[in-house]
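The sequence shown begins at 9 in our numbering and counts up by one.
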Amino acid sequence: MAQRTEIQGEAMTMDNQGLAAGSVEGPAAPLWQALAREMRVARELLEQLAGVLVTDERFVLDYIDQLQAFDLIAQHVDESAALLDRVAGGQSVGDAVGQVRLSVMQDRLRAALD
């Protein structure tokens, strides 16, 4: 189900893509899911900012390498949100970490569990 959100005067529709199916387990699960949604809002704001910055051709030419960091940050936030949703949905932490698509991030998370 889509959720309409207004942030800094900008309305956006955010879907619950990535939310784990099935029953939510544990008293903290709703908090984890809410945190995952907040992370997705942050990702959207970051993408909006990047969209504004790339409209200036000179800025893009001067800072192309730094602008690529916006995409990497957005990917990290998205993967973190998806991980929270999977765990909140009852998936084991190990399995949830195993589904993280950024290998460097997955490696760091696995190391944290060891």
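Idealized CB from N, CA, C, for every residue including glycine. Quick caveat: nothing in here was measured; it's all calculated off a predicted structure.
Asked                                                                                          : Found
Proximal residues to E87 (C-beta, below 8 Å), its chain only, five neighbours per side dropped : V108, R109, L110, M113
Which of helix, strand or coil DSSP assigns to L2                                              : Any answer about residue 2 is impossible in this case: the structure gives the chain only from 9 up to 122.
Cutoff 8 Å; reference L92; Cβ partners in own chain excluding five residues on either side     : W40, Q41, L43, A44, M47
Check whether E55 and A90 have beta carbons under 8 Å apart                                    : no
Cα-Cα separation, S100 to G106                                                                 : 10 Å
Environment of A120 [buried if 16+ CB atoms lie within 10 Å]                                   : exposed
DSSP state of V85 mapped onto helix, strand, coil                                              : helix
Per-residue DSSP class, three states only, for A96                                             : helix
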